[in-house]
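K.L.:
FYI, our numbering numbers position 45 of the sequence shown as 64, with every residue one higher than the one before it. There's a structure below that I have some questions on.
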Amino acid sequence: MLIFCPHCGMRPSEEFTPKGLAEAPRPALGGDDRPEDDAWQDYLHTRTNKAGQTNEYFHHSLGCRRWIVVHRNTLTHEVTGSTMASEFWQNQQQAQDWEAGQ
Ligand SMILES: [Zn+2]
């Protein structure tokens, strides 16, 4: 399988380390600037095994060492695109802001 790194171009998947779904936002900070234990527990250990189109973190660990989000179908393994992780979250935030303004 090949994965497109926005920085390096098309690279073999063996250069990347999958790091899980990019769709679960980190829990908000609670008292003492720490996430609530239950929210943190869920974030770290309770994950869905989503079937279909997903957004997943990959670390280009044997390349530029940047974090990217790969858009992949877990049923067909088709990779439909990828973006830098920072750009992905900026787009997510803009979409949320747009929806909140409606
Ligand atoms: Zn790269």
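For glycine and all other residues, C-beta sits at the position ideal for the given N, C-alpha and C. Every value quoted in this text rests on a predicted model; they were computed, and no experiment measured them.
What would DSSP say about residue 35, mapped onto helix, strand or coil?
P.N.:
It is coil, neither helix nor strand.
K.L.:
Sorted by chain position, which residues of the same chain lie with C-beta nearer than 6 Å to residue 101's C-beta, five sequence neighbours on each side aside?
P.N.:
Hits under 6 Å: 23, 87 and 89.
K.L.:
Count the C-beta pairs between the region 102-113 and the region 49-60 that are closer than 8 Å, then say yes if the count reaches three, no if not.
P.N.:
With the cut-off at 8 Å, the region 102-113 and the region 49-60 do not touch.
K.L.:
Sorted by chain position, which residues of the same chain lie with C-beta nearer than 6 Å to residue 36's C-beta, five sequence neighbours on each side aside?
P.N.:
Here the set comprises 78 and 80.
K.L.:
Apart from the five residues on each side of it in sequence, which residues of its chain come closer than 7 Å, Cβ to Cβ, to residue 31?
P.N.:
Cβ neighbours of residue 31 beyond the five flanking positions: 21.
K.L.:
Go to residue 80, then tell me how far its alpha helix (DSSP H) extends in each direction, as first and last residue.
P.N.:
Looking at the DSSP string, residue 80 is not in any alpha helix (DSSP H), and its letter there is neither H nor E.
K.L.:
For my contact list, residue 40 and residue 73 are in at a C-beta cut-off of 8 Å; report their separation, rounded to the angstrom.
P.N.:
Contact holds; Cβ gap of about 6 Å.
K.L.:
Check for me: the beta strand (DSSP E) holding residue 21 runs from which residue to which?
P.N.:
21-24 is the extent of the beta strand (DSSP E) around residue 21.
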